[in-house]
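What follows is a short report on a single structure.
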Amino acid sequence: MSNAERFLAAFARIEKKMGEICKESSYKPFAQLLYRGASVNKIVSLNQQTLREYSELRNAIVHERGGNNEIIAEPCDSVTDSIERIADLLEQDNRILQFATAPVITVGPHTEIEEAYRTMNDMNTSKLPVYEEGVYKGLLTLREIADWSMHHDEEKHLVNDILASVKNEKVLFLPRNSSITSAIQGFESSMNHGESLLAILITDKGSLNEKPLGIITVADLPKILKTFA
C-alpha cells in the first residue's frame, strides 16, 4: 500500500471509532465527531489538534472528480505512521488493569511501621494499601511515615497508629472492566475540585471490600498520558 492508501485507511478507522465513541448511528462531519469525542475520550482529547490537522490533510490528499476520489498527494512516512498509531490506540482494549501495578502489595493495620517501611523500600513504592481481613482500611504513605517518625520515639508502633492520627487520603475504587480513561478522569476531577486523589485501586466490581487486583497512583499518570499523546 502507498502512504496515501495507508493514511486514508487509518483515517477511516479513526472516523468509524469516533462515531462509536460519540454513539452516533448516522453520518456526522468529522469536525463534529472530533469536538464531541474530545470531551469524552482522553485519547481523542490528547490528539485533538493532530486529528484536526489530519482531517485537513485528508482533504488535500483526495480530490473528488466525476464522483470518484482521486489521490493527488502522498503523506510522508512519519505522518502515515502517526495516524496509524492513533487509530491503533483508539481501537485497542484500554482496560485499566493493563496500566496498573499488580499484584498489589498490602499491609495490615497491626503491621509494625518499620516493617511497612521496609516493604515500601523493597517494592520501590511510596504508598501501601492497608487491609484487614479483606476490608480496606486506608492508604499508608511514605510521607506519613516520615512525619510520624519526626514526632515519636523509637518504640515500636503499628500502621494503625498512623491511620488513626491522620486524615485518610482519598482513594478511588474502580471495577476491573473500567477503561483507563475512567482513571485519568478520576485524577483530573479530583484536581479540579482541589482534592488529593493519591491512588486508584482496581477490584472485581469496584468495591472496597474486595481483593485489590491492581493499583494506579498519581505518580503513574504522566507515563500513562505519554502513552496516548
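Numbering (this note's numbering), first residue to last: 3 to 231. Just so it is clear, CB atoms sit at the ideal spot from N, CA and C, and this is done for glycine as well.
For Glu93, which three-state DSSP category applies? helix
Please return the same chain residues whose Cβ sits closer than 6 Å to the Cβ of Asn162, not counting the five positions on each side in sequence. Here the set comprises Pro111.
Give, in chain order, every unbroken run of the beta strand (DSSP E) that is at least 3 residues long and sits entirely within the segment 95-168. 129-134, 137-143
Contacts around Trp150, its chain only, beta-carbon distance under 6 Å, and the 5 residues preceding and following it disregarded: Once the five neighbours on either side are set aside, the close Cβ partners of Trp150 are Ile164.
Tell me which residues share the same chain as Val168 and place their Cβ nearer than 6 Å to its Cβ, disregarding the 5 neighbours each side in the sequence. Glu146.
Can you find at least 3 beta carbon pairs, one from the segment 103-110 and one from the segment 39-57, that sit closer than 8 Å? no
Pairwise C-alpha distance: Ile217 and Ala102: 5 Å
So, for Leu223: in the same chain, excluding its five sequence neighbours on each side, which residues have a beta-carbon less than 6 Å away from its beta-carbon? Phe189
Give the range of the alpha helix (DSSP H) segment to which Ala33 is assigned. 32-42
Can you find the residues in the same chain that come closer than 8 Å, C-beta to C-beta, to Arg97, ignoring five residues on each side of it along the sequence? Arg178, Asn179, Ser180, Ser181, Ile182
Is it true that the segment 187-203 meets the segment 50-66, where meeting means three or more beta-carbon pairs spaced less than 8 Å apart? no
Who are the near neighbours of Arg60 in its chain, counting only those whose CB is closer than 6 Å to its CB and skipping five residues on each side? Phe13
What are the start and end residues of the beta strand (DSSP E) that includes Leu176? DSSP places Leu176 in the uninterrupted beta strand (DSSP E) bounded by 172-177.
Identity of the residue in Glu93, Thr229, Ser4, Gly140 nearest Ile63 by Cα: Looking only at Glu93, Thr229, Ser4, Gly140, the smallest Cα-Cα distance to Ile63 is reached by Ser4.
Going by C-alpha to C-alpha distance, which of Glu7, Ala221, Met193 sits closest to Thr82? Glu7
Looking at C-alpha atoms only, which residue of Leu142, Arg15, Ser191 is the closest neighbour of Gln94? Arg15
What's the call for Ala118, buried or exposed, on a 16-neighbour Cβ count within 10 Å? buried
Specify, as a first and last residue, the run of the beta strand (DSSP E) that Ile204 falls within. 199-205
Residues near Glu114 in its chain [Cβ-Cβ closer than 8 Å; skip 5 each side]: Lys158, His159, Leu160, Val161
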